[in-house]
Amino acid sequence: MEKPKRGLIVREPYASLIVDGKKTWEIRKHPTRIRGPIGIVTKGKLIGQVEITGVQGPFSAEELLAYRDRHHADPEFLFEYASGKPLWAWVLKNPVRYEKPIPVPPKKGRMMWVDLSELDF
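Position 13 of the sequence shown, counting from 1, maps to 13 under my numbering, and the rest follow consecutively.
1) May I ask you to list the residues that DSSP assigns as paired with Arg28?
2) Just how far apart, CA to CA, sit Glu63 and Glu12?
3) Measure the CB-CB distance between Lys23 and Tyr14 and report whether it falls below 9 Å.
4) Please tell me whether Gly57 and Pro75 are closer than 9 Å, where the distance is taken between their beta carbons.
5) Does DSSP put Asp74 in a helix, a strand or coil?
6) Could you check if Glu2 is buried or exposed, using at least 16 other CB atoms within 10 Å of its CB as the buried criterion?
7) To the nearest angstrom, how far is the alpha carbon of Arg35 from that of Glu51?
8) For Arg68, name the three-state secondary structure that DSSP assigns.
9) Please name the residue or residues paired with Leu8 in a DSSP beta bridge.
This is how it looks when you write it as structure tokens:
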């Protein structure tokens with residue numbers, strides 16, 4: 001798999017579940033047009049990569065309860081995160097956990113995506 005040019009910031013334990021292949025849907029408040037490999041960044045480290053192969057939705061928080069085996073989000077989190085608005089499932093495949101996490105230098109303003117093109121890995 002090619003090296004990703006961008007990384008998605010994901011909090012734990014979800015980041016590890018993604019790179020270990022247990023979480024195959026990433027729940028977000030909007031769809032994405034991005035396809036292909038992306039890095040998974042958590043706590044300032046690039047821990048692995050995965051491919052975004054598609055998007056499903058929109059879903060209500062109630063509808064997503066039936067797919068907990070794919071997204072692993074707690075029901076309370078889903079309802080709070082959704083706030084009554086639709087949610088989208090980014091479909092993830094081909095996870096890879098890196099043997100050694102790669103430090104990602106901090107930059108102001110990063111909320112969701114990280115530019116990985118400057119990293120040497």
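For every residue, glycine included, the Cβ atom is placed at its ideal position computed from N, Cα and C.
Taking the structure as given:
1) Trp88
2) 23 Å
3) yes
4) no
5) coil
6) exposed
7) 7 Å
8) helix
9) Ile40 and Trp113
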